[in-house]
Structure formats: C-alpha cells, structure tokens
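Chemist: In the working numbering, the protein residues as written are 10 to 283.
(1) Judging by CA-CA distance, which residue of 234, 67, 102 and 179 is the nearest neighbour of residue 85?
(2) Flag this pair as yes or no: are the beta carbons of residue 30 and residue 186 separated by less than 8 angstroms?
(3) In whole angstroms, what separates the C-alpha of residue 161 from that of residue 61?
(4) Taking only runs that begin and end inside the region 238 to 264, name each unbroken alpha helix (DSSP H) of 4 or more residues, in chain order.
(5) Could you give the distance in angstroms between the alpha-carbon of residue 10 and the alpha-carbon of residue 133?
(6) DSSP beta-bridge partners for residue 146?
(7) When the Cα of residue 71 is compared with those of 167, 124, 254 and 51, which residue comes out closest?
(8) Along the chain, where does the beta strand (DSSP E) containing residue 35 start, and where does it finish?
(9) Between the C-alpha atoms of residue 100 and residue 121, what's the straight-line distance to the nearest angstrom?
(10) Going along the chain, which residues of its own chain have a beta-carbon closer than 8 angstroms to the beta-carbon of residue 128, five neighbours each way excluded?
(11) Looking only at DSSP bridge pairs, what is residue 43 linked to?
(12) Going by DSSP in three states, residue 224 sits in which element: helix, strand or coil?
(13) Per DSSP, which one or two residues make a beta bridge with residue 196?
(14) Should residue 113 be labelled buried (16 or more other beta-carbon atoms within 10 Å of its own) or exposed?
(15) Just to check my reading of the structure: residue 83 and residue 65 have Cβ atoms closer than 8 angstroms, yes? What is that Cβ distance to the nearest angstrom?
(16) How far does the alpha helix (DSSP H) with residue 60 in it reach, from first residue to last?
(17) Just verifying my parser: in three-state terms, what is the DSSP assignment at residue 12?
(18) Do you know how far the Cα of residue 37 is from the Cα of residue 238?
(19) Taking the C-alpha atoms as reference points, what is the distance between residue 13 and residue 224?
(20) Judging by CA-CA distance, which residue of 178, 148, 55 and 91 is the nearest neighbour of residue 244?
(21) Identify which residue in 105, 181, 197 and 193 has its Cα closest to the Cα of residue 158.
(22) Whose C-beta lies closer than 6 angstroms to the C-beta of residue 151 among residues of the same chain, with five residues either side of it excluded?
(23) When you compare only the Cα positions, how much space is there between residue 142 and residue 87?
(24) Alpha carbon to alpha carbon, how far is residue 42 from residue 227? Give it in angstroms, no decimals.
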C-alpha cells in the first residue's frame with residue numbers, strides 16, 4: 010500500500026511514538042488523525058508536523074466503544090474512509106512484582122493495552138474489509154517477545170497484542186487487509202522522560218543514561234511506514250534485543266519432544282485445540 014494521500018488514524022497520538030508515526034506518515038503525504046485521551050497532548054504533536062500537513066485531532070478513550078465510534082465519525086467526516094489504523098495507545102504497569110499489583114491496576118492496564126486494540130480493530134476493520142484494502146498496526150513491545158521480571162502485567166498485555174495481531178492478520182488477509190505488530194524498545198516519549206519519578210522510578214543518574222540512548226520516535230515511525238507499504242507482519246526497531254529473543258525462542262523449541270501420550274499419532278491434521 011502506497012501511503013501517499015491515505016488517511017491514517019493513530020490512537021495514543023499524544024505520546025512520543027504516536028507523534029513519531031504521525032511525522033513519518035506526514036512526510037509521505039498522508040492525512041493524519043491524532044486521537045488521544047488527552048486532546049491537548051495530541052494537539053501538541055499535531056503542531057510539530059510540517060505546516061502543510063493535513064491533520065485532525067480528536068479525543069478518544071480507547072476503552073470505550075462509543076468513544077471509538079465518535080472518533081471514527083470525526084475522521085470520516087473530515088477525510089473519508091480510514092486506510093491505516095495504528096492502535097498505539099497504551100500505559101505502563103510500573104516495575105513491581107505481580108503479587109504487589111492490585112486487581113484494579115491490572116484490569117485498567119488490560120482495558121487500555123488489550124481491549125483498546127480490540128475496539129480499534131472492530132471499529133475500523135469492517136470498513137476495510139468492505140473496501141478490500143487497508144492496514145492495521147498494533148503496538149506491542151519488546152516485552153511482548155521477551156518478558157522482564159517485575160514487569161509481568163505489562164508483559165502479559167503485550168503478549169496478548171501479539172497473539173491477537175497474528176490471528177487477525179490471518180483472518181483479514183483474504184480480504185486484502187494487512188496487519189503488522191510493532192515491537193518498540195526504548196523510545197523517547199513522555200513516559201520515558203519521567204523515569205526518575207512515579208511508579209517507574211530509577212535514580213537520576215541511571216535515568217539520564219537510559220534517556221541518552223533512546224531512539225527518536227520519528228525513526229520508529231518511518232519503520233512503521235515501510236512495514237505498512239510492504240505488508241510486513243512484524244516491525245522490529247531495536248535490534249539489540251535479538252539475542253535475548255533468540256534465546257527465549259530456542260528454549261521454547263527445545264521443549265518440543267516426544268508426544269506426552271505413548272502411541273499418539275502426530276500431525277497437524279490431527280491436532281486438537283487444548
């Protein structure tokens with residue numbers, strides 16, 4: 010899909026990654042809808058785009074289906090049908106053991122990071138199917154490929170995004186609609202700029218060292234544009250995690266051995282869903 014003049018809807022458009030996506034799509038002449046629960050943040054990102062950019066800003070609560078319907082109406086009234094959906098809104102759980110995470114925080118994390126993606130897909134995919142074209146980008150995380158201790162709730166939500174994305178890619182491919190999963194590592198954003206305070210807290214020296222090595226979001230956004238145009242299933246922007254991910258997948262593969270049941274007839278045609 011050539012993204013020139015296409016309509017791109019970005020949830021979480023008021024954050025660093027959302028803004029980077031917007032800049033990258035705008036560079037290619039796409040028309041942009043920046044959606045965020047904080048419309049002021051979305052407007053700040055819109056104001057950073059080139060002066061000739063065609064951009065709209067809309068408030069969106071990704072946990073609310075009615076909010077999605079209203080935001081879709083704004084986008085369609087302004088630009089027409091949406092060609093590319095970037096499900097990018099998300100929050101962090103903070104670094105803490107799972108046993109110290111309360112149920113309300115866990116449920117809020119899942120409602121934004123996972124249910125928000127569900128609402129985005131179900132809001133825009135039917136129209137894409139009907140038109141026989143479109144693309145969806147769902148933002149996971151490197152934590153969706155290689156989980157970290159004390160980040161269990163966040164990792165669970167990002168693994169869910171991967172599973173959902175892979176399945177929906179298979180479902181939508183016959184209709185001509187692509188799906189990609191984005192796995193960003195450390196990227197400059199409001200969240201990452203505040204690592205020395207709040208629930209995700211480091212001492213200032215460590216926080217400064219981490220911030221100095223963060224990717225600028227526009228480069229991540231350009232990788233997203235390339236993936237959309239090539240219909241790539243996975244978008245990896247931070248190759249330094251490759252060995253960790255490889256080691257984890259090798260552990261998974263090494264667990265495949267003889268069938269647990271003696272005499273079990275193997276073969277995918279006989280595989281039952283557990």
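Don't be surprised by glycine CBs; every beta carbon is placed ideally from N, CA and C.
All values reported here derive from a predicted model rather than from experimental measurement.
Modeler: The answer reads as follows:
(1) 67
(2) no
(3) 43 angstroms
(4) 251 to 263
(5) 17 angstroms
(6) 95 and 189
(7) 124
(8) First-last for residue 35: 25 to 36, but that is the alpha helix (DSSP H), not the beta strand (DSSP E).
(9) 7 angstroms
(10) 71, 72, 73, 74 and 77
(11) 19 and 66
(12) strand
(13) 224
(14) exposed
(15) 7 angstroms
(16) That residue, residue 60, is in no alpha helix (DSSP H); it is neither H nor E in DSSP.
(17) coil
(18) 11 angstroms
(19) 25 angstroms
(20) 148
(21) 105
(22) 192, 194 and 250
(23) 20 angstroms
(24) 16 angstroms
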